[in-house]
Amino acid sequence: MMETQVVLSKTRSADEYREVLYSNLEEHERLARTIADMLYLAHADHGLLVPDSQPVALADEVRELFAYYDVLADERGVGLSLLGEGVVQGDKLMIRRALSNLLSNAIRHTPENGTVRVTIAGSDDAAVRVSVENPGPAIDPAHLPRLFDRFYRVDASRAQGSDGAGLGLAITKSIVDAHRGTIGVSSIDGCTRFEIGFPRADHSSAS
Ligand SMILES: Nc1ncnc2c1ncn2[C@@H]1O[C@H](COP(=O)(O)OP(=O)(O)OP(=O)(O)O)[C@@H](O)[C@H]1O
Ligand SMILES: [Mg+2]
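In the working numbering, the protein residues as written are 1302 to 1508.
See the structure below:
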């Protein structure tokens, strides 16, 4: 607002106006995203996130997300790899959103030439597990329990460039909760790993 007020205080060149408009646009996009995320969480609080119950092939969703994040990952010199497959009973769009938040975080925190690994494992128990793992400095254990809190960011000043509000993981957790799943995080020896457990498609339909 201040930038805009200063520019409006006298006549400027077209270039100067353009620059402020771009900067405003960026800020508007950020605000719109934050508001949409907050509304989504408000819905979740009121039990209004009712997931669809369709078979969702996780590997297909991950591949589509990889296609979406390809440019960003490339730009940052980050590789993307997928191993395994599994089908869960749930809401395709919500699951995609949950995984998308994990992937965007992982890509952003991976050093150049590192690889983000997504692993789907589903044969051992009642859950299909999908993990998103990235190399990078480990997160201090003190922060781990709070990562899924709204607006919680480990280092808000250093993470400035990312523009996030700190709502991504809170949304992922509410989507997982709505699916009666589990989510956890570990960060040791230069590797951060988020793991979601979804009830198996055949398991949940049988119960
Ligand atoms: N893969 C990761 N490696 C290291 N730190 C992470 C990773 N994922 C999340 N974090 C830490 O957890 C914080 C919360 O993540 P979250 O996705 O909720 O918010 P954000 O990415 O900062 O913003 P938003 O997702 O709303 O754009 C991040 O700011 C970051 O400090
Ligand atoms: Mg995020």
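Backbone N, C-alpha and C define an ideal beta-carbon position, used for all residues, glycine too.
Residue environment, residue i, which counts as buried when at least 16 other CB atoms sit within 10 Å
i            : result
residue 1336 : exposed
residue 1475 : buried
residue 1479 : buried
residue 1457 : exposed
residue 1508 : Low local confidence applies: a pLDDT of 45 at residue 1508 is under 50, so the model's placement there is unreliable, with the coordinate-based value given in what follows. Residue 1508 should be labelled exposed.
residue 1470 : buried
residue 1396 : buried
residue 1365 : exposed
residue 1341 : buried
residue 1370 : buried
residue 1312 : exposed
residue 1331 : exposed
residue 1473 : buried
residue 1404 : buried
residue 1441 : exposed
residue 1465 : buried
residue 1428 : buried
residue 1351 : exposed
residue 1518 : Residue 1518 lies beyond the residue range present for the chain, which begins at 1302 and ends at 1508; the question has no answer from this structure.
DSSP state of residue i mapped onto helix, strand, coil
i            : result
residue 1434 : strand
residue 1335 : helix
residue 1476 : helix
residue 1454 : coil
residue 1413 : coil
residue 1312 : coil
residue 1350 : coil
residue 1400 : helix
residue 1447 : helix
residue 1467 : coil
residue 1439 : coil
residue 1319 : helix
residue 1511 : This structure does not reach residue 1511, given that the chain is present from 1302 up to 1508, and the question cannot be answered.
residue 1302 : coil
residue 1341 : helix
Beta-bridge pairing of residue i - partner residues as DSSP gives them
i            : result
residue 1499 : 1429
residue 1383 : 1419
residue 1488 : 1493
residue 1389 : 1357, 1501
residue 1483 : 1498
Quick check: the segment 1381-1390 against the segment 1492-1503, are there 3 or more CB pairs under 8 Å? yes
Using 8 Å as the threshold, is the segment 1404-1417 in touch with the segment 1427-1442, meaning 3 or more CB pairs across them? Flag = yes, the segment 1404-1417 and the segment 1427-1442 touch.
At least 3 beta-carbon pairs within less than 8 Å: the segment 1315-1333 vs the segment 1444-1452: no
Should the segment 1478-1488 be called in touch with the segment 1364-1377, which here means at least 3 C-beta pairs below 8 Å? no
Beta-carbon distances below 7 Å to any heavy atom of ligand 2 define the shell here; list its residues in chain order, please. Answer in sequence order: 1402, 1405, 1406, 1465, 1469, 1470.
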